[in-house]
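Protein chains in written order, with our numbering: chain B, 1 to 355; chain S, 1001 to 1291; chain H, 2001 to 2260. Scroll down for the structure; my scribbles are underneath it.
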Amino acid sequence: MTAIVDSAPRTRDRLSRARALHWILAGALLLACAASLQVGATNVTLTDLLAKAMRGDALSQIERVVLLDIRLPRLAMGGLVGAALAVSGAAMQGLFRNPLADPGIVGVGAGAGLGAILAIVLGAFLPAWLLGLTGNYLTPFAAFLGGWGSTILLYRVSTRHGSTSVATMLLAGIALGALAGALSGILVYIADDRQLRDLTFWGLGSLAGASWAKVLAAGPMIALAIGAALMLGRGLNGLALGEATAAHIGIDVQRMKSVAILAVAAATGVAVAVSGGIGFIGIVVPHLLRLASGPDHRTLLLNAALLGAILLILADVIARVVVAPAELPIGIVTAVLGAPVFLWILLTRRGLVES
Amino acid sequence: MMRGAKGVAACAGLWMAVTAATAGAQQAADVLSMGGAVTEIVVALGQGHRLRARDATSTWPPEVTDLPDVGYVRALSPEGVLSVEPALILSEEGAGPPEAIDVIRAADLDFVEIPDALTADGILRKIETVGDALGVPDRAAAMSAEVEADLVDAMADAAQPEAEKKRVLFVLSTQGGKINASGTGTAADALIRMAGGVNAVTEYAGYKQITDEAVGLAAPDVILMMDRAGADDTDHGGADDELFAMPAIRLTPAAQSRSVIRMDGLLMLSFGPRTAEAIRRLNAALYAQES
Amino acid sequence: MSLIAEDIRVSYGRHEALRGVSLAARPGEVTAVVGPNGSGKSTLLGAMTATQPYRGRVLLNGADIASAKPWELAAQRAVLPQASRLAFPFSVIEVVRIGLHSGTAGDRAEVPMQALARVGLSHYAERSFHELSGGEAQRVMLARVLAQVWRPVEDGTPRWLFLDEPVSSLDIAHQLQVMEIARAFARAGGGVIAVMHDLNLTALFADRVAILAAGRRLAFGAPAEVLTDDILSRAYGCALRVSAPPPDGVPYILPHAASA
Chain B
1 MTAIVDSAPR TRDRLSRARA LHWILAGALL LACAASLQVG ATNVTLTDLL
51 AKAMRGDALS QIERVVLLDI RLPRLAMGGL VGAALAVSGA AMQGLFRNPL
101 ADPGIVGVGA GAGLGAILAI VLGAFLPAWL LGLTGNYLTP FAAFLGGWGS
151 TILLYRVSTR HGSTSVATML LAGIALGALA GALSGILVYI ADDRQLRDLT
201 FWGLGSLAGA SWAKVLAAGP MIALAIGAAL MLGRGLNGLA LGEATAAHIG
251 IDVQRMKSVA ILAVAAATGV AVAVSGGIGF IGIVVPHLLR LASGPDHRTL
301 LLNAALLGAI LLILADVIAR VVVAPAELPI GIVTAVLGAP VFLWILLTRR
351 GLVES
Chain S
1001 MMRGAKGVAA CAGLWMAVTA ATAGAQQAAD VLSMGGAVTE IVVALGQGHR
1051 LRARDATSTW PPEVTDLPDV GYVRALSPEG VLSVEPALIL SEEGAGPPEA
1101 IDVIRAADLD FVEIPDALTA DGILRKIETV GDALGVPDRA AAMSAEVEAD
1151 LVDAMADAAQ PEAEKKRVLF VLSTQGGKIN ASGTGTAADA LIRMAGGVNA
1201 VTEYAGYKQI TDEAVGLAAP DVILMMDRAG ADDTDHGGAD DELFAMPAIR
1251 LTPAAQSRSV IRMDGLLMLS FGPRTAEAIR RLNAALYAQE S
Chain H
2001 MSLIAEDIRV SYGRHEALRG VSLAARPGEV TAVVGPNGSG KSTLLGAMTA
2051 TQPYRGRVLL NGADIASAKP WELAAQRAVL PQASRLAFPF SVIEVVRIGL
2101 HSGTAGDRAE VPMQALARVG LSHYAERSFH ELSGGEAQRV MLARVLAQVW
2151 RPVEDGTPRW LFLDEPVSSL DIAHQLQVME IARAFARAGG GVIAVMHDLN
2201 LTALFADRVA ILAAGRRLAF GAPAEVLTDD ILSRAYGCAL RVSAPPPDGV
2251 PYILPHAASA
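Now the structure itself:
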């Protein structure tokens, strides 16, 4: 028996499994999209509408509104936000070299939230021309800036000489989250009634506010951020060996880190801005994928985008049918599904935080 | 005073029964009512049978709780709202999120927002708006006159000489030892004044977390809280001990005399047909303790 | 075509780690850098691999590395760090494959397995890297480095291996194996720069030896010329006796007990 012949095919297996997963997940995403359009509080179903369209019957006003103005933008938003959260989780974990680094856990989400709250409360004080210029983009953009600032700060604090201290990162994340929370609290205090109402809508972590205007405002930024993150695969693989080694194998580490931080901040920031805090997608999705097909970031990032979109779309379906006609905040659904997985990671891999 | 309150309640009940009987029962149930006061008004106008669904804050009268619940009025799901197939939506001010309301308005139905105001006139205007929307303006006018007289009566009875007015601290919650109290401009503030009291906190507007020392400075004679159980006979002894043991409250006159009033939140804060009753009850609770 | 370091200076705050060290290494040879702890030998390697900010000049195959892009350097040379940590549960073969594309082997899929076989670990290809012992991990990293510059000479240009204490966590058999690999790479036309701790292994495998002490170069030349009682005792600050037993006369260093 020669070891080379024996193990070479198995070696390819993990990579080809990851590549096969691209297609499997893409198929599953289509199914999730169909499910999301099929079910809801009303008895409008996609299959009925398709049958109607085939027969050439006109759709009723309600049917059109439900399908085109409610379910479709909500589906688009869910897919975008889910992909954004999962990809930024995977990219951030690669950047920090730790599977526990999730934008939500280490304070990036809180920073983005602070940006969004700033925009909601203080946006009114901006000069009119600037407001006219930013329009719908003001809140997502402010959230992006908040996320960006906190990611850079976090990296500065927790990374010395090219290696990241996980304990420092988690502690800095707690401090950052507390600081952002406190500043947000001050803003809430000075907010007037209407702004408070806006904040309440925003903070519930829901896709109920999805609209085409929001999708159009958030979509391009999220797509750009995901696109940039997908380019990082080889660089993040190298970074797994440390910054010095990454440079030795030909990666422009500084540039790669800047791109990763920008992409994470943009994806997280915009996702937070349009949907409030939705937790655990960023940590659960990459972890499951690493178990299934290995940690190679060249395939992991794309798979994370697909699985993140699938999970959030399905979580949203759950959120809007279990207590219909009311609905659960989707953050509750993802937390119920995600928190146990997070604990399981901690239980089965105790060495993570110390290493 | 208690006798008066009971009398009015009895009258209102009789009147409701009569109007309900005369109302045309043939109309379809196609109204979604959102907001506690709005729903109370619909039922009081004898239109309860037209209700198709309600929001989470609509819990009075008790029979409306059997209706499907579309959730919290400020976090609506547009499809959830449309799924109950309302032809008319009556909504209190501030329903949201705005995007959801835009979509709901785009669907083929009537959406009427009922203006909110924390005054007797505000309540009357709510009644008239709801009556117009439901196509029963005469009934609304009658009810409005009735409610107005009742309110005027209740407020006149409740009036106190300035010097004898009690200082009332409305506590929204004491979660985690932090006291969230009402400042000015709130429903609680308005009701306290209508019931012949003085809001102990006037330094800020809205419901906010208040520091322990500010509670001391406010020197409330009475603490007013929401009774979440909604029952009068619940034993609050333990809760009272806990409340008066809080450092902020321990030194206030209210704690010395162990004065705490608990009332149903919807009754107190919704500013609807039962506000006169709320005024009477609060007034009675405030000033009956003297003797 | 060579590696030239000219007047390299590095300081950490006010501490001067390197005070003007020059070095010229030729392809076809193993050039060892030795010296006591803190003498600056790893710092010198860091400067020569652009890992470490420095003043002075480093020419690799005639080009100044300061103006070269990371991927251009990666095609010319590979670097084995002293210790390697790895995030995420990559398998051994995946680790060897990381960075393959930046090297000269390009997409040649068989290279990583051959590199693993070279260090005697091809049967570990599917293992998780985290399950390996320190010595095995060190050899896997060597395989990764070898895969990056698989052919010692490409288009007539030598490739370079920079090894920072490559045998520090290995048993004697694997120490010899790794040094043999390094020497074979040099004999095939590549260049090897190795920071070494073990003077006897250095004497056995190095073609040229640079001895550093306190941030300065004390001596540079063939092992027999520089590994002497006098130079080593000065470099390390303790009495050392070098003998060159027959048949090959390779220097052999013994500590000289101060009390004896």
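The C-beta atom is built at its ideal place from N, Cα and C for all residues, glycine as well. This structure is a prediction, so every number in the text was calculated from the model and none was measured.
**Request:** May I ask which residues mark the beginning and end of the alpha helix (DSSP H) holding I1279(S)?
**Result:** T1275 to A1288
**Request:** Using a Cβ cut-off of 7 Å, pull out every chain S residue sitting near Q61(B), in sequence order please.
**Result:** A1107 and D1108
**Prompt:** Any C-beta of chain B sitting closer than 8 Å to the C-beta of Q2138(H)?
**Reply:** no
**Asked** Apart from the five residues just before and just after G2135(H), which ones in its own chain have a Cβ nearer than 8 Å to its Cβ?
**Response** S2169, L2170, D2171 and H2174
**Cα-Cα separation, T1022(S) to P1097(S)** = Residue placement at T1022(S) cannot be trusted, given a pLDDT of 47 that sits under 50; the coordinates are not used to answer.
**Message:** Based on DSSP bridge pairs, tell me the residues matched to H297(B).
**Reply:** BP columns for H297(B) are empty, so no partner.
**Beta-bridge pairing of D2064(H) - partner residues as DSSP gives them** = L2059(H)
**Item:** CB contact check: Y189(B) to chain S, cutoff 8 Å
**Value:** yes
**Item:** Three-state class that DSSP yields for L2018(H) in the structure shown
**Value:** strand
**Inter-residue Cα distance where the pair is V1198(S) and R1125(S)** = 26 Å
**Message:** Report the CB separation of A1195(S) from A1158(S) in whole angstroms; it is logged as a contact under 8 Å.
**Reply:** 5 Å
**Asked** So who's on the other strand from N1199(S), going by DSSP bridges?
**Response** V1168(S)
**Prompt:** Using a Cβ cut-off of 8 Å, which residues of the region 1070-1085 of chain S contact any Cβ in chain B, in chain order?
**Reply:** V1070, G1071, Y1072, R1074, A1075, L1076, S1077, P1078, E1079, G1080, V1081, L1082, S1083, V1084 and E1085
**Request:** Give me the Cα-Cα distance between T2043(H) and L196(B), rounded to the nearest whole angstrom.
**Result:** 57 Å
**Prompt:** Looking at C-alpha atoms only, which residue of L2163(H), Q2148(H), V2033(H) and I2211(H) is the closest neighbour of D2229(H)?
**Reply:** I2211(H)
**Prompt:** Under a three-way DSSP split, which group does D1232(S) fall into?
**Reply:** Only weak support exists for where D1232(S) lies, its pLDDT of 47 falling under 50; the value from the coordinates is given anyway. Three-state DSSP puts D1232(S) in coil, outside helix and strand.
**A229(B) versus P2027(H) - alpha carbon distance** = 40 Å
**Request:** Could you name the residues of the same chain whose beta carbon sits closer than 6 Å to that of V2167(H), not counting the 5 residues immediately before and after it, in chain order?
**Result:** Q2175 and V2178
**Residue burial classification, T210(B) (beta-carbon count within 10 angstroms, cutoff 16)** = Residue 210(B) is actually Ala in this sequence, not Thr. Counting Cβ neighbours within 10 Å, A210(B) comes out buried, since at least 16 surround it.
**Item:** Own chain partners of P286(B) with C-beta closer than 8 Å, once the 5 adjacent residues on each side are dropped
**Value:** A86, G89, A90, Q93, P99, L300 and A304
**Prompt:** In angstroms, rounded to a whole number, what distance separates the CA positions of D2198(H) and V2242(H)?
**Reply:** 14 Å
**Asked** Starting from W2160(H) and walking both ways along the beta strand (DSSP E), at which residues does that stretch end?
**Response** W2160 to D2164
**Prompt:** Does the region 119-129 of chain B touch the region 313-322 of chain B, meaning 3 or more C-beta pairs lie closer than 8 Å?
**Reply:** no
**Message:** Given this structure, state the Cα-to-Cα distance separating A1219(S) from Q1160(S), to the nearest angstrom.
**Reply:** 19 Å
**Asked** Should A1025(S) be labelled buried (16 or more other beta-carbon atoms within 10 Å of its own) or exposed?
**Response** With a pLDDT of only 46 at A1025(S), under the threshold of 50, the placement of this residue in the model should not be trusted, and no figure is reported.
**Asked** For K1208(S), does the three-state DSSP call read helix, strand or coil?
**Response** strand
**Message:** Spatial neighbours of F1271(S) within its chain, please: C-beta separation below 7 Å, excluding the five flanking residues on both sides.
**Reply:** A1037, L1118, G1122, I1123 and A1187
**Message:** Let me see if you follow: with CB-CB separation under 8 Å, is P1068(S) close to chain B or not?
**Reply:** yes
**Message:** Is there a Cβ of chain B sitting closer than 8 Å to that of A1190(S), yes or no?
**Reply:** no
**Request:** Label L1286(S) either buried or exposed according to how many other C-beta atoms from any shown protein chain fall within 10 Å of its C-beta, with 16 as the threshold for buried.
**Result:** buried
**Message:** Within 8 Å of any Cβ in chain B, is that where the Cβ of E1213(S) sits?
**Reply:** no
**Request:** Tell me A2219(H)'s beta-bridge partners as DSSP assigns them.
**Result:** I2211(H)
**Asked** Tell me the DSSP bridge mates of D1069(S)?
**Response** R1054(S)
**Prompt:** Ordered along the chain, which non-local residues of its own chain (more than five positions away) have a Cβ less than 6 Å from that of T45(B)?
**Reply:** Q38
**Request:** May I have the straight-line CA-CA distance separating T151(B) from F141(B), to the nearest angstrom?
**Result:** 15 Å
**Asked** Any residues in the region 1039-1055 of chain S with a beta carbon nearer than 7 Å to a beta carbon of chain B? Which ones, in chain order?
**Response** A1053
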